[in-house]
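Worksheet: the structure to be examined is printed underneath.
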Amino acid sequence: MKKHFEDLLAWCKSKGIKVRFTTSKELSDFAAMNPGAAKKMGFKNIKKDEMLIDVELPEDVQFRNLIHELIENELIADGDSYWVAHKKSLAAEAWAVKKAEKFVSKRKGKAPIRSATIRISRSK
């Protein structure tokens, strides 16, 4: 899973998205935050081009949370309400992590890949 997280962080960087690891105190006890959700919830401590992730969480949870925040932010930008975007991104997050775990188990002992693609349904 570590390689997938590194690939996702590299992808974010290539798209100009800064992933900032911070404390749960700064996150007001949220596990992570994106600009779209922050705007809807009145959370002020975030820039429009960054995702905040709780540094104290295990790396696999940080990976899940980053997937969730990226998808949720995009869905809110496309017009979904926070709660609709949140529900869709929970489902997409679970699907993506399951696919990544399955892929990793099949590739044991093989050369690493450079990236993976995550596709989600945009149905409303």
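Note that my numbering numbers the sequence shown so that position 117 is 113, with each residue one more than the last. Glycine is no exception: its CB is placed at the ideal position from the N, C-alpha and C atoms.
Name the two residues that bound the continuous beta strand (DSSP E) containing residue i.
{"i": "Leu23", "result": "Run containing Leu23: none; DSSP gives neither H nor E here."}
{"i": "Ile42", "result": "Neither: Ile42 is in no beta strand (DSSP E) and is coded neither H nor E."}
Could you give the first and the last residue of the continuous alpha helix (DSSP H) run that contains residue i?
{"i": "Lys144", "result": "Shown here, the chain extends from -3 to 120; a query on residue 144 therefore has no answer."}
{"i": "Leu66", "result": "Glu55 to Ala73"}
{"i": "Lys36", "result": "Pro31 to Met37"}
Helix or strand or just coil, what does DSSP make of residue i?
{"i": "Leu5", "result": "helix"}
{"i": "Val93", "result": "helix"}
{"i": "Val51", "result": "coil"}
Confirm, please, whether the CB-CB distance from residue j to residue i is below 9 Å.
{"i": "Glu89", "j": "Asn30", "result": "no"}
{"i": "Glu55", "j": "Lys(-2)", "result": "yes"}
{"i": "Glu22", "j": "Met47", "result": "no"}
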